[in-house]
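Written as C-alpha cells, this is what we have:
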C-alpha cells in the first residue's frame with residue numbers, strides 16, 4: 001500500500017486558477033548554517049525578500065572559458081543525438097537544453113563547488129543534493145521564449161517535490177543584456193503560489209521541455225503578480241551567478257540577436273525534501289529531469 | 298512590351314549573400330524642404346547618421362487614447378474576420394497586424410498629419426504618398442518575434458520599389474520597455490544593403506506577413522552589421538514616434554509580459570519612387586500591402 005503525502009500545494013485540479021499564500025519558509029538555514037557563507041546577511045535578506053539574487057564575478061574568466069569549452073564539446077556531441085537528455089527548440093532542430101550534466105566534469109565539480117552548493121546549504125539548511133542540472137543554450141538568432149512558470153509547480157505536480165525547499169543556480173556563460181533574452185523574474189512572487197488549471201497528460205514532459213502547455217499560469221494571475229511585484233531583469237557579465245527560489249515566477253523572451261545567452265543550471269533540493277509520488281497522479285518523470293535514485297538520506 | 302527598370306539592388310538571385318553599399322542618399326530634401334519642419338537640423342543629422350529617430354511627446358495623451366480606442370474597435374471587428382488585411386500570429390489565432398488602415402479615420406487623419414507627413418517630406422524631398430499602413434498589436438503574453446529585415450529589400454524585390462526613398466513611422470500607443478518586445482535597430486545599417494539568398498515563391502506574402510522565410514538576411518551578414526553598428530533599442534512612452542529609413546535593419550523579440558506593445562505604422566514613399574514591376578519577377582503583392590493605384594503623380 002502506498003502512503004501519499006498530504007498535498008500542501010494542489011494544482012491542475014480545479015477548473016479555475018487560484019493564488020495561494022506560500023506556507024513554507026524561504027530561508028531554512030539555522031543561524032549557524034547562514035553564518036557559514038558564501039552569502040552575506042545582506043545578500044540572504046535580499047534573496048528572502050525578492051526570491052532571487054544576482055552575484056557578479058563569482059567565476060573568473062578562466063573558469064567561464066573552461067565551462068564554455070565543455071559546453072561546446074557537449075553541444076557538438078549532442079547535435080546528431082536523439083537521446084532524451086537533448087531537448088530541441090520548438091519548431092526547429094537547434095538544441096535548447098542538455099539535461100543531467102552534473103555526473104561528469106566540469107559540471108560535477110561545479111555542482112560541488114561551495115560557491116554554489118554552500119549558498120544552497122545556507123538558504124535550504126543542512127544537506128542538499130542536485131535535483132536537476134542542465135545546460136541552456138538560448139542560441140543567437142533562434143532562441144525561443146520560455147513562458148512564465150514557477151519551477152516548483154511543475155516539480156511538485158509532475159515530480160512529487162513535497163515542499164518549497166529548493167533553489168536554482170544559473171551560471172552565466174555569456175554576458176546577459178536586456179536584448180538577448182535574459183531571464184525576467186517577478187520579485188516577491190515566490191511568496192505566492194499560482195494553482196494552475198487543467199490536468200497533466202502522461203509523458204507530458206517530452207513536449208513540455210520544449211514548450212509548456214500544462215502547468216501554465218493563467219493570464220489573470222500573471223497580471224496580478226506583475227502589478228504587485230513588478231519585474232526584474234538582472235543582467236550582468238559572464239561569470240555572474242543568478243540564484244532563485246524554486247517558486248519564483250520567471251520566464252524569458254526570445255533571442256534574435258547574434259549573441260547567445262548560454263548558462264549552466266543547477267538545482268539543489270534539501271535531502272529533507274526528497275521526491276515522493278507525483279502529486280498530479282502521473283508516472284514520475286525520468287531520472288535525467290528529476291533525481292530520485294542516489295539521493296543522500 | 299514591358300520596359301524593366303534597371304535593378305540597382307538585386308537580391309535573392311545569388312547562392313551566397315553579399316553586402317553592398319547604398320547608392321542612394323538618405324536625405325533627399327532640398328534646403329527649403331528641410332527648413333520647413335517639424336524636424337530640426339540636429340534631428341535630421343541624427344536620422345541621416347543612424348537611420349532612425351525617436352521623438353517623444355509627439356502625440357498627447359488624448360490623441361493616444363483616441364487612436365487606442367479606434368484600434369480596440371478595429372481589433373474587435375477583426376477577431377472573427379478572415380480578410381487578408383488581418384494577419385495572425387504564427388502558430389496562433391491572436392491578431393498580429395491589420396493592414397491598410399489609412400483609408401479611414403482616425404488613421405487617415407494621422408497619415409495626413411504634418412507631424413508625420415511633414416517629416417517624411419523633409420527627408421524624402423517633395424511630395425509623398427502612403428505606401429503601406431498597418432496596426433501592429435504585439436499583444437502581451439503571446440506577441441511573437443519579428444526577425445531581422447530591411448523593409449526595402451522586401452519592397453524592392455516583391456513590390457518593385459526602385460530606390461531607397463521611403464520612410465516608416467511607428468506611432469507608439471503603449472509605453473515601450475526593454476522587456477515588452479521593443480523594436481531593435483542597427484544604427485547605420487541603412488547605409489549597407491544585404492543581398493539575400495534564394496528566390497521568392499509566388500504568393501509568398503500570405504505566409505511572410507506572419508513569419509518571413511525568404512528575403513531573410515543571412516547570419517554572417519547580420520553578425521557583421523551587429524559588430525559594426527551595435528544595437529539601439531529606442532524605448533519611450535506612448536505618444537512617441539519612431540521614424541526609420543526603409544533600409545534600416547530591424548527586428549524585435551517576443552513579448553511574454555502582460556504589457557502589449559501596440560503601434561500604428563505608416564510608410565511614406567516619394568512620388569518620384571512609385572512602384573514598378575517587382576524586381577524579383579513575381580506578381581505584385583496586393584494593394585493592401587503596397588499601394589499601386591491612386592499614387593499622386
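Chains as they are written, first to last, in the working numbering: chain D, 1 to 297; chain L, 298 to 594.
Here a beta-carbon is modelled for each residue, glycine too, at the ideal position from N, C-alpha and C.
Quick caveat, the model's predicted, so the values are computed rather than measured.
Query raised in the report: Cα separation between residue 28(D) and residue 109(D)?
Result: 25 Å
Query raised in the report: Buried or exposed: where does residue 337(L) fall if 16 or more other Cβ atoms within 10 Å of its Cβ makes it buried?
Result: exposed
Query raised in the report: Are the segment 527-541 of chain L and the segment 192-202 of chain D touching, with three or more C-beta to C-beta distances below 8 Å?
Result: no
Report task. Measure the CB-CB distance between residue 165(D) and residue 24(D) and report whether it falls below 8 Å. Result -> yes
Requested in this report: Reducing DSSP to helix, strand and coil, say where residue 474(L) ends up.
Outcome: coil
Report task. Tell me the start and end of each unbroken alpha helix (DSSP H) in the segment 301-349 of chain L that is at least 4 residues and wholly inside, in chain order. Result -> Within the segment 301-349 of chain L, the alpha helix (DSSP H) runs of at least 4 residues that lie entirely inside it are, in chain order, 328-332 and 338-347.
Query raised in the report: Taking the Cβ atom as the reference point for each residue, do residue 314(L) and residue 491(L) lie within a distance shorter than 8 Å?
Result: yes
Query raised in the report: Does residue 555(L) get closer than 8 Å to chain D when you measure Cβ to Cβ?
Result: yes
Query raised in the report: Any chance the segment 268-278 of chain D sits against the segment 409-425 of chain L, with 3 or more Cβ pairs inside 8 Å?
Result: no
Report task. May I ask you to list, following chain order, the residues of the segment 433-463 of chain L that have a beta carbon less than 7 Å from some beta carbon of chain D? Result -> From the segment 433-463 of chain L, only 438, 442, 444 and 445 have a Cβ closer than 7 Å to chain D.
Query raised in the report: Does DSSP put residue 485(L) in a helix, a strand or coil?
Result: coil
Query - Three-state class that DSSP yields for residue 57(D) in the structure shown - result: coil
Query raised in the report: Expressed to the nearest angstrom, what Euclidean distance is found between the alpha-carbon atoms of residue 298(L) and residue 381(L)?
Result: Confidence at residue 298(L) is low in this model, with a pLDDT of 46, below 50, so its placement is unreliable and no value can be given for it.
Query raised in the report: Looking at C-beta atoms only, is the number of pairs between the segment 251-266 of chain D and the segment 123-142 of chain D that lie closer than 8 Å three or more?
Result: yes
Report task. Please decide whether residue 513(L) counts as near chain D, where near means a Cβ-Cβ distance under 8 Å. Result -> no
Query raised in the report: What are the residues of the segment 520-533 of chain L that lie near chain D, defined by any Cβ-Cβ distance shorter than 7 Å?
Result: 520, 523, 528 and 530
Requested in this report: On a CA-only basis, which of 58(D), 90(D), 150(D) and 155(D) is nearest residue 114(D)? Give me that one, please.
Outcome: 58(D)
Query raised in the report: Under a Cβ-count criterion, where at least 16 other Cβ atoms within 10 Å of its own Cβ denotes burial, should residue 21(D) be classed as buried or exposed?
Result: exposed
Query raised in the report: What does residue 181(D) touch in chain L if you count any residue whose Cβ is under 9 Å from its own?
Result: 550 and 551
Query raised in the report: Run through DSSP, which three-state label would residue 253(D) get?
Result: For residue 253(D), the secondary structure class from DSSP, reduced to helix, strand or coil, is coil.
Report task. Using 7 Å as the cut-off, classify the Cβ of residue 360(L) as near or not near the heavy atoms of the ligand FAD, replying yes or no. Result -> The model depicted lacks the ligand FAD and carries no ligand whatsoever.
Query raised in the report: Looking at residue 444(L) and residue 548(L), is the spacing between their C-beta atoms short of 8 Å?
Result: yes
Query raised in the report: Using 8 Å as the limit for Cβ to Cβ distance, is residue 219(D) near chain L?
Result: yes
Requested in this report: Compute the distance between the beta-carbons of residue 253(D) and residue 414(L), then report whether it is under 8 Å.
Outcome: no
Requested in this report: Return helix, strand or coil for residue 298(L), following the three-state DSSP convention.
Outcome: Unreliable positioning characterises residue 298(L) in this predicted model, as indicated by a pLDDT of 46, which lies under 50. A coordinate reading is not provided.
Report task. State yes or no: is the beta carbon of residue 579(L) nearer than 8 Å to at least one beta carbon in chain D? Result -> no
Query raised in the report: Hey, how far is the Cα of residue 162(D) from the Cα of residue 131(D)?
Result: 13 Å
Query raised in the report: If the cut is a Cβ gap below 7 Å, which residues of chain L does residue 184(D) touch?
Result: 476
Report task. Go through the segment 122-158 of chain D residue by residue and report every complete run of the alpha helix (DSSP H) that reaches 4 residues or more, in order. Result -> 151-154
Requested in this report: Please name the residue or residues paired with residue 395(L) in a DSSP beta bridge.
Outcome: 383(L) and 432(L)
**Report entry** Distance, residue 268(D) Cα to residue 185(D) Cα
**Finding:** 19 Å
Query raised in the report: Is the beta carbon of residue 480(L) less than 8 Å from the beta carbon of residue 361(L)?
Result: no
**Report entry** DSSP three-state assignment for residue 556(L), whether helix, strand or coil
**Finding:** coil
Query raised in the report: Can you check whether the CB of residue 542(L) is closer than 8 Å to the CB of residue 453(L)?
Result: Against a cut-off of 8 Å, the Cβ pair of residue 542(L) and residue 453(L) comes out as no contact.
**Report entry** Endpoints, the alpha helix (DSSP H) within which residue 220(D) is located
**Finding:** 219-229
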